[in-house]
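For reference, the structure discussed in these notes is given below.
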Amino acid sequence: MQLILFRALTGIGGGGLVTGSQMVVSDVVPLRDRGKYQGILASAMAIANAVGPILGGVLASQSSQSWRWIFRLNMSLTAFMVLAVTFFMPLRRVQGSWKVKLKAIDFFGAFLALAASTVLTLGFTWAGGQHPWMSVQVVSTLAVGGLASVSFVLWQWRGAKLPLIPVHMFKSKLICGACVTMFIHGWIFMVQMFYIPTLYQLIYGYSAAEAGLLLLPVTLAQPFCGSISGAITSWTGRYKVPDPSYAHGQGYG
52 MQLILFRALT GIGGGGLVTG SQMVVSDVVP LRDRGKYQGI LASAMAIANA
102 VGPILGGVLA SQSSQSWRWI FRLNMSLTAF MVLAVTFFMP LRRVQGSWKV
152 KLKAIDFFGA FLALAASTVL TLGFTWAGGQ HPWMSVQVVS TLAVGGLASV
202 SFVLWQWRGA KLPLIPVHMF KSKLICGACV TMFIHGWIFM VQMFYIPTLY
252 QLIYGYSAAE AGLLLLPVTL AQPFCGSISG AITSWTGRYK VPDPSYAHGQ
302 GYG
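In case it helps, this note's numbering puts the sequence shown at residues 52 to 304.
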């Protein structure tokens with residue numbers, strides 16, 4: 052239970068960091084150079100994805116309690132990051148009261164999104180394994196998750212004054228195409244990072260550290276390709292140039 056709780060807290064912080072870093076780049080970097088810096092961010096994340104599974108596997112393999120060092124290492128990295136942001140990040144002064152801005156956040160929409168994703172994930176995790184597809188547990192969780200998803204869309208469309216996801220953006224073909232692309236990429240990436248190590252450990256009998264090492268062909272290629280993609284976009288000013296080759300690479304892989 053303690054592991055699940057602190058892993059959830061880590062996920063909350065990690066999700067905020069990923070989104071916040073993208074927002075900072077969009078805020079302080081000119082549009083022409085944004086692709087290059089987005090590539091640097093992608094490379095940093097890919098390097099972390101390469102080192103993290105190996106280091107985590109080594110720590111988890113030492114003893115039944117050594118997994119705690121994974122979180123302790125994150126604390127030291129977080130302290131370094133806070134100092135770097137405080138002294139080196141060129142942020143503009145925000146106008147207005149923070150209380151007014153806090154009240155404008157769509158907390159109810161965030162709750163609906165969290166509820167929908169959590170319940171749907173639980174239903175699909177149960178289905179075909181712990182419970183049959185047509186069992187009461189699976190059908191009820193998928194139904195509740197689907198209802199929460201529909202409620203989230205309707206709330207963003209009609210209910211929220213400042214929605215998390217403004218529905219009018221989806222009138223743009225560019226935004227729709229980008230969302231579909233990221234959905235497919237995220238789907239493939241999550242399978243690689245979560246299910247392939249499980250396959251190596253449970254089916255082939257590798258240790259956690261060995262499973263992390265076997266992910267290196269994927270994780271080492273990402274920093275290189277992310278940097279190249281950002282450089283090409285900044286150099287040419289055309290974001291469509293590298294996309295077809297990367298799409299073919301994911302499909303063939």
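Virtual Cβ for every residue (Gly too), placed ideally from N, Cα, C.
Relative to T129, the option among G65, T169, F57 whose CA is nearest is G65. Q146 sits exposed, since fewer than 16 C-beta atoms from the chains shown fall within 10 Å of its C-beta.
With 16 or more other CB atoms across the displayed protein chains lying within 10 angstroms of its CB, S94 is buried. As computed with DSSP, A178 is found in a beta bridge with H182. Taking the Cα positions, L134 is about 25 Å away from L153. A Cβ-Cβ distance of about 6 Å is found for the pair R85 and V76, placing them in contact under the 8 Å criterion. By the criterion of a C-beta distance shorter than 7 Å, V79 is surrounded in its chain by P141, once the five residues flanking it on both sides are discounted. A residue is called buried once 16 or more other Cβ atoms fall within 10 Å of its Cβ, and F203 is buried on that count. With a contact defined as Cβ atoms closer than 8 Å, G108 and S258 qualify at about 7 Å.
Contact fails between the stretch 178-188 and the stretch 208-216, because fewer than three Cβ pairs, one in each stretch, are under 8 Å apart. A residue is called buried once 16 or more other Cβ atoms fall within 10 Å of its Cβ, and P248 is buried on that count.
Per the Cβ contact rule, the stretch 117-127 is not in contact with the stretch 171-179 (fewer than 3 Cβ pairs under 8 Å). In its chain, beyond the 5 residues on either side, no residue has a beta carbon closer than 7 Å to the beta carbon of L205.
Looking from the CA of E261, the closest CA among T70, L92, Y88, A101 belongs to A101.
Put simply, of F234, V269, S72, L110 the residue whose alpha carbon is nearest the alpha carbon of V136 is S72.
Listed in chain order, the non-local C-beta contacts of C227 below 7 Å within the same chain comprise F221, local neighbours out to five positions each way being set aside. Rounded to the nearest whole angstrom, the CA to CA distance from Q273 to M241 is 14 Å.
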